[in-house]
Structure formats: C-alpha cells, structure tokens
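Here this note's numbering is used: position 154 in the sequence shown is 159, and no number is missing along the way.
Let me begin by presenting the structure, written as structure tokens, before commenting on it.
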Amino acid sequence: LVLLFLMTIIGITSVAADSTLSVPMYVKPTGTYYLDVSFNDTVHNNLMLDTGSEFLVINKTTLKSLQHEGGVTYVRDISGVLADGSRVKVPVYHLSSLKIGCCCVVRDVDAAVFPGTAREILGLSVLKKVAPFAVSLDPAKLTLSNCSGTPAEMRSAGFPENHSVDASKPGSYSDIASIEGKYIYAP
C-alpha cells in the first residue's frame, strides 16, 4: 500500500513537471514585457505582464469587441488605487476564456475594464490559475503550468502530449528572432 502511494505521488509529480508551457514575451523600449493573448478565441491583443497587478485589465475598446462577439458578462464595480495613488472605480466583466500564447487556455476569468485605450495588463488573477509560473528575462519567456489547451491545439502548435515545451527554442512555437540576446515575437 505504501509503495502504491509512493508510485502515485511520483507519477503525479512527473505529470506536473511535464505539463509546463513556455510562452515567448517581447520587450518594449520602455523595458516592459508583453505577451500575445486572445480573449474568447476572438479578440487578439498584446498584454503587459504585471505581477504587481491583482487583476486582468482590458480597455473599453477590447470590451466593445468582446461584447460584439458575445461571451462577456458584467459582474460588479470595484474601486482601487492606481500606481500614482489616485482612486478609480471600474466595472468588472467575466470572460469565458483567454489564451496566452498559442495554447495556454485559462477559463472563467474576470477583467477590470479601464476607460479608453488604456494599457492592457495580464495580472495575478490570471497568473494564479496557471501557477506555478516562472518569468525568465533572458530569454524573455513566461513558463506556465496547468494550462487547459486542447490536445488538438497543442499538437497543431507542434507540442507532443505531456511534454514540457520551451517556446524560446526555434521552431517550437512560432517565429522567434533573437536580437541582442532578447527574444521577440516576429509576426
């Protein structure tokens, strides 16, 4: 019985270690890191990675596109303090899913909606769902766990099932170019 228990734990650890996905980030001249994200498989944007932000943040332009496509629901209003110390009250909407990179699907997420075309942020409310996660700055990549991409999505991106994937390696994710030691997404 003890041996069976140990084998189960070892098997679970092995599966957990093999279920990571590394997604390339690109660096803007300001030194901020961005990722390709799609919402509800319809709206595609670049979001800034911000581990200091509690929420996923989208802007009203993205919200209007999502409302046109469907799949978003108003939840509530929240108020918070911005980095400059000012207070703001914003609506929160529920999204059925978002996809980080090619195939890390995160289901049932809430997004705070900021006015106009404010910078969109991938914050902790999403990152907690794909924890444990790791940020690498050189090469620039975000390694995620517990992604729920479909096997078809994973295979179409060239990923063998149940294997760790390092998207910074040429040919494993999409076109990645190395410029001065930094990996940048090449559309």
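Glycine included, C-beta positions come from ideal geometry on N, C-alpha and C.
Only a predicted model underlies this, so the values are computations on that prediction, with no experimental measurement involved.
Distance, residue j Cα to residue i Cα
i       : j       : result
Tyr-31  : Leu-54  : 10 Å
His-49  : Lys-33  : 18 Å
Val-118 : Leu-87  : 13 Å
Val-131 : Phe-60  : 7 Å
Pro-165 : Phe-138 : Confidence in Pro-165 is poor, its pLDDT being 44 and thus under 50, which makes the residue's placement unreliable; the coordinate value appears in the next sentence. Spanning the two alpha carbons is a distance of roughly 20 Å.
Leu-142 : Asp-89  : 26 Å
Cut-off 7 Å between Cβ atoms - residues of its own chain near residue i, not counting five sequence neighbours on either side
i      : result
Asn-45 : Leu-71, Glu-74, Gly-76, Leu-100, Ser-101, Ser-102
Leu-52 : Tyr-39, Leu-40, Val-42, Glu-125, Ile-126, Leu-127
Where residue i falls: helix, strand or coil (DSSP)
i       : result
Ala-88  : coil
Lys-104 : strand
Thr-66  : helix
Ser-150 : strand
Ser-130 : helix
Endpoints, alpha helix (DSSP H) assigned at residue i
i      : result
Thr-25 : Element bounds for Thr-25: not the alpha helix (DSSP H) but the beta strand (DSSP E), 25-29.
Rounded distance between the beta-carbons of residue j and residue i, thought under 8 Å
i       : j       : result
Val-97  : Asp-115 : 5 Å
Glu-125 : Ile-83  : Their Cβ separation, rounded to whole angstroms, is 17 Å, which puts Glu-125 and Ile-83 out of contact at 8 Å.
Cβ-based neighbour list, residue i, same chain, cut-off 6 Å, excluding 5 preceding and 5 following
i       : result
Ala-123 : Asn-64
Same chain, Cβ closer than 8 Å to residue i, neighbours up to 5 away in sequence not counted
i       : result
Asn-151 : Ser-24, Lys-134, Val-135, Ala-136
Start-to-end residues for the beta strand (DSSP E) that takes in residue i
i      : result
Asn-45 : It is not in any beta strand (DSSP E) - Asn-45 carries neither H nor E in the DSSP assignment.
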